[in-house]
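Trainee: In mature numbering (1 follows the signal peptide of the UniProt record, and there is no 0), the protein residues as written are -21 to -1, 1 to 95.
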Amino acid sequence: MTSRLFCFIALIATMFTGSMAFQCYTNAGGSTTKADCSTNWCLKGTTASGDVGYTCAPEGSCSILGNGCQDGQAVLSQGLKSMCCCNSTLCNSATLHTQHIWLGVISFIVSVMLLA
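1) Among all the DSSP beta bridges, which residues are the ones paired with Val84?
2) Around the Cβ of Met92, are there at least 16 other Cβ atoms within 10 angstroms (buried) or fewer (exposed)?
3) Could you tell me which residues DSSP pairs with Met62 in its beta bridges?
4) Name, in chain order, the residues that DSSP records as bridge partners for Cys3.
5) Alpha carbon to alpha carbon, what distance is there between Lys13 and Gln2?
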């Protein structure tokens, strides 16, 4: 029983250590990667030509907009068609977080098996 409990605690610790830092997707240099962000805001911008950019939001840039998107004159003056701000980890992606869903499902199944 003690070894099962230890395995369960190790599994839970492994799940949470990867999610401690606030992260956003960035695509500087052409490839999309994850980056730690100190502002706790992610930004996704779409240019008039349809190019999409992902980054950590600069300090103060999302405080007025909050969680959501804007496509008005203020955004157009910055050369963007739309701008979206969000404040949860890896929230500035257009893709589903399939790998995180599968990790959660597998972790749950393993936890149930260990505790049974």
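Here a beta-carbon is modelled for each residue, glycine too, at the ideal position from N, C-alpha and C. These numbers were taken from a predicted model, which means no experiment stands behind them.
Mentor: Let me lay it out:
1) In the DSSP output, where bridge partners are listed per residue, Val84 has none listed.
2) Looking at its Cβ environment, which holds fewer than 16 other Cβ atoms inside 10 Å, Met92 is exposed.
3) Beta-bridge pairing links Met62 to Gly24, Gln49.
4) In DSSP, Cys3 forms a bridge with Ala14.
5) A direct Cα-Cα distance of roughly 6 Å separates Gln2 from Lys13.
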